[in-house]
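Chains A and B supply the protein sequences, listed in that same order.
The numbering of the first sequence is the UniProt record's numbering, which starts it at 1 and goes up by one.
The numbering of the second sequence is the UniProt record's numbering, which starts it at 1 and goes up by one.
Working notes, structure below.
There are 2 protein chains.
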Amino acid sequence: MTTIRDVAKHAQVSVATVSRVLNQKGYVSKQAEEAVLAAIKELDFRPNAVARTLYNKSSRMIGLILPDITNPFFPELARAVEDIALTYGYTVVLCNADEDIKKERNYLEALKQKYVDGIILTTNQLSFAEVDKVGVPMVALDRIIGDQIPTVVSANKEGAEMATTHLIESGCKFIAHLRGPKGLATADDRLHGFRKVVEKAGVASIVGEADFYFEKSEQVTRDLLEQHPSIDGIFASSDVTAAGAMKAVNRMGKRVPEDIQIIGYDGIPFGEMLVPSLTTIAQPIYEMGATAARLLIKLIEKKPIEGSYFELSTNLIVRETTKRKEEIE
Amino acid sequence: MTTIRDVAKHAQVSVATVSRVLNQKGYVSKQAEEAVLAAIKELDFRPNAVARTLYNKSSRMIGLILPDITNPFFPELARAVEDIALTYGYTVVLCNADEDIKKERNYLEALKQKYVDGIILTTNQLSFAEVDKVGVPMVALDRIIGDQIPTVVSANKEGAEMATTHLIESGCKFIAHLRGPKGLATADDRLHGFRKVVEKAGVASIVGEADFYFEKSEQVTRDLLEQHPSIDGIFASSDVTAAGAMKAVNRMGKRVPEDIQIIGYDGIPFGEMLVPSLTTIAQPIYEMGATAARLLIKLIEKKPIEGSYFELSTNLIVRETTKRKEEIE
Chain A
1 MTTIRDVAKH AQVSVATVSR VLNQKGYVSK QAEEAVLAAI KELDFRPNAV ARTLYNKSSR
61 MIGLILPDIT NPFFPELARA VEDIALTYGY TVVLCNADED IKKERNYLEA LKQKYVDGII
121 LTTNQLSFAE VDKVGVPMVA LDRIIGDQIP TVVSANKEGA EMATTHLIES GCKFIAHLRG
181 PKGLATADDR LHGFRKVVEK AGVASIVGEA DFYFEKSEQV TRDLLEQHPS IDGIFASSDV
241 TAAGAMKAVN RMGKRVPEDI QIIGYDGIPF GEMLVPSLTT IAQPIYEMGA TAARLLIKLI
301 EKKPIEGSYF ELSTNLIVRE TTKRKEEIE
Chain B
1 MTTIRDVAKH AQVSVATVSR VLNQKGYVSK QAEEAVLAAI KELDFRPNAV ARTLYNKSSR
61 MIGLILPDIT NPFFPELARA VEDIALTYGY TVVLCNADED IKKERNYLEA LKQKYVDGII
121 LTTNQLSFAE VDKVGVPMVA LDRIIGDQIP TVVSANKEGA EMATTHLIES GCKFIAHLRG
181 PKGLATADDR LHGFRKVVEK AGVASIVGEA DFYFEKSEQV TRDLLEQHPS IDGIFASSDV
241 TAAGAMKAVN RMGKRVPEDI QIIGYDGIPF GEMLVPSLTT IAQPIYEMGA TAARLLIKLI
301 EKKPIEGSYF ELSTNLIVRE TTKRKEEIE
């Protein structure tokens, strides 16, 4: 195997010079740099990533901690993070915390041990203090952990307002909101957007706690509809939650959208696969993941960033679970 | 920060002895080992993962290369691999190749550079020769790359036979199979299972190429049904493919299962979320991922393995896209 010594010998420079070229640290003359690069090419020298990690305390690895890899929203996000990271020469270590704070802590420790250069968090059970201890740059994605951690989210309140307005414009008179987990800023913001619109419009409303789980959503929807048979619209806080609501409505012998209109939130491809296909508020998922990755890499490389809070716009996608204009009575 | 020197001093042994204990290599007296372990505990010493990697040429990391993270089958597999790996103290580096052979090659190189201890491949575009060059243990999961690489798959042919038999027993007279990608052993095996049963039963059949993609499946199903309006059963080679078929049937104004019965293959939670919920052949997804992870770790740790080809049984799950006994004419 070619070593750094072979490269130095071939380029007729010292090992220290080769090291400076490899790590882009310290002064190297243009002539020496060219000789080293030529030697690296001729000898097909591949610097040992682990040795470089030890020297630089940098691994060119990014940790991405996800709350639930089986919710298709997160693999979509992960794909974007990975795409951008690869472009800049970083590898992504994907960690699925399964909504378990112990697993989140284990991952933080493991990532620290491996000298990852930075971490993207899409979980929020950990406190800022715990996260800060790792001592590497962090970005919060689709979660808000604290002012101190740069954050990328979608405009959740505005998105929820758009969803609720769409249901009202489609003729709904009694709207249920299936909210996400309490204390989760993104879910709380969606609830606030919903409340603002129904209160302003004077439309009857009710809120159920579905978290982001399909089974729970199906159960909660069934309970709500049994207690309030006049509910004719549902705004679900995620697309998976919306699928649970659709299932419940269908099992109760009611029709979507004729009897009950449903709108989701996320815009994952999954919504298109449902029958009828799901009307939803699309988050710019790829852009969110890409923005977070670019932001983190800038922080890692100590480059200036243009802000520390990025709120990306959402988009109403009307499909088949809400009525078309001509169908509204 | 506590160093290996501090541990040696505290335990009153040499640094070399501490190193031997940490790496479980070479002779250490029981007394010395106990002293070192006690010192490690008292001083809360955490060996530097990167330094250990360099010494051992081992990183306690496993690479998992996935073909398409947005197909929910793969996150389910990844979760199982990760669970088992963590239990044994390994971190999983997840690599999404997006069905792109260039990305697969880049990942192989990146994983090699990071001294991963082993790789699990669920892609099969790379040849055995390319994969072998990395020089670490490998396991093929849900894919067959060659006799030389230990393999974990489900019993694809038997599963396909079960699916086709179920459609025939449910009254289907003309069955379409939406096959997976050509040359992919798992997809080919499912096709063979399908052919064997329709030929033996003398039932009319046709095969469409849907790969494993929703949109392609929707299009292919539409084409098949337009050309052959008497098709009354569809065996799809994956659950996502089945969802595409359901969408096409629905868009053409036909009903599932009354007009056309559909069965999928995979058994991902997604199938349960569809309306009507999807009858399918469930692969033991978690068990497959767990088996592959355990097998790889045994290979890494040079422990004996019980075989190099593991074919796990599948299971028919009857839901709502096929008819119940009392509905069959």
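For glycine and all other residues, C-beta sits at the position ideal for the given N, C-alpha and C.
query, result
"Using a cut-off of 9 Å between C-beta atoms, extract the partners of residue 2 (chain A) located in chain B.", "Chain B residues near residue 2 (chain A): none, gap ~14 Å exceeds 9 Å."
"Mapping DSSP to helix, strand and coil, what is residue 214 (chain B)?", "helix"
"Measure the C-alpha to C-alpha separation of residue 127 (chain B) and residue 146 (chain B) and round it to an integer number of angstroms.", "8 Å"
"So what's residue 219 (chain A) in DSSP terms, helix, strand or just coil?", "helix"
"Closest to residue 260 (chain A) by CA distance: which of A:327, A:104 and A:215 is it?", "A:327"
"If you count every other CB in all the chains shown that lies within 10 Å of the CB of residue 309 (chain B), and 16 or more means buried, which is it?", "exposed"
"List the DSSP bridge partners of residue 332 (chain B).", "The shown model of chain B, from 1 to 329, leaves out residue 332 (chain B), and the question about it has no answer."
"So which residues on chain B does residue 274 (chain A) lean against when the C-beta distance must stay under 9 Å?", "243, 247, 273, 274 and 275"
"Look up residue 288 (chain A) in the DSSP assignment and say whether it is helix, strand or coil.", "helix"
"Quick one: any contact between the region 171-188 of chain B and the region 228-246 of chain B, if contact means 3 or more CB pairs under 8 Å?", "yes"
"If the cut is a Cβ gap below 7 Å, which residues of chain B does residue 236 (chain A) touch?", "Going along chain B, no residue has its Cβ under 7 Å from residue 236 (chain A), so there is no contact; the nearest lies around 13 Å."
"Closer than 8 Å by beta-carbon distance: list the chain B residues that pair up with residue 79 (chain A), in chain order.", "69, 70, 96 and 98"
"Specify the secondary structure class of residue 193 (chain A) as computed by DSSP and reduced to three states.", "helix"
"Between residue 65 (chain B) and residue 97 (chain B), how many whole angstroms is the CB-CB distance? I'm expecting something under 8 Å.", "6 Å"
"Starting from residue 261 (chain B), trace the beta strand (DSSP E) both ways and give me its first and last residue.", "261-266"
"Give me the residue from A:293, A:241 and A:256 with the minimum Cα distance to residue 281 (chain A).", "A:241"
"So that I know if they touch, is there some Cβ in chain A lying closer than 8 Å to that of residue 257 (chain B)?", "no"
"Please report the distance separating the alpha-carbon of residue 316 (chain A) from that of residue 233 (chain A).", "16 Å"
"For residue 295 (chain B) versus residue 181 (chain B), is the C-beta spacing smaller than 8 Å?", "no"
"Quick one: does residue 17 (chain B) have its CB under 8 Å from some CB of chain A?", "no"
"Please state if the CB of residue 164 (chain B) and the CB of residue 212 (chain B) are separated by a distance shorter than 8 Å.", "no"
"For the pair the region 75-90 of chain A and the region 279-293 of chain A, tell me if three or more CB-CB distances fall below 8 Å.", "yes"
"Identify whether residue 54 (chain A) lies in helix, strand or coil by the three-state DSSP scheme.", "For residue 54 (chain A), the predicted structure reports a pLDDT of 49, less than 50, and the residue's modelled location is therefore unreliable. The matter cannot be settled from this model."
"Within 10 angstroms of its Cβ, does residue 228 (chain A) collect 16 or more other Cβ (buried), or is it exposed?", "exposed"
"With DSSP as the reference, label residue 203 (chain A) as helix, strand or coil.", "coil"
"Just tell me which of B:202, B:199, B:224 and B:36 has its CA closest to the CA of residue 210 (chain B).", "B:224"
"Give me, in chain order, the residues of the same chain whose beta-carbon lies closer than 7 Å to that of residue 81 (chain A); leave out the 5 immediate sequence neighbours on both sides.", "64, 92, 120, 289, 292 and 293"
"Quick one: which residues of the region 218-229 of chain B get their C-beta closer than 7 Å to a C-beta of chain A? List them in chain order.", "none"
"Heavy atom of the ligand PLP less than 7 Å from the Cβ of residue 61 (chain B), yes or no?", "This structure does not include the ligand PLP; it has no bound ligands of any sort."
"Between the region 10-24 of chain B and the region 32-43 of chain B, are three or more C-beta pairs nearer than 8 Å?", "yes"
"Can you find a CB in chain B that lies within less than 8 Å of the CB of residue 124 (chain A)?", "no"
"Of the choices A:305, A:319, A:318 and A:325, whose alpha-carbon is the least far from that of residue 152 (chain A)?", "A:305"
"Just to confirm my understanding: we take residue 54 (chain A), look at its own chain, exclude 5 residues before and 5 after, and list those with CB closer than 6 Å. What are they?", "Reliability fails at residue 54 (chain A), whose pLDDT of 49 lies under 50, so the model's placement of it is uncertain and no value is given."
"Let me know if residue 16 (chain B) comes out buried or exposed under the rule of 16 or more other beta-carbons within 10 Å of its beta-carbon.", "exposed"
"Taking a contact to mean a Cβ-Cβ separation below 8 Å, would you say residue 321 (chain A) touches residue 159 (chain A) in this structure?", "no"
"Going along the chain, which unbroken runs of the beta strand (DSSP E) with 3 or more residues stay wholly within the region 71-96 of chain B?", "91-96"
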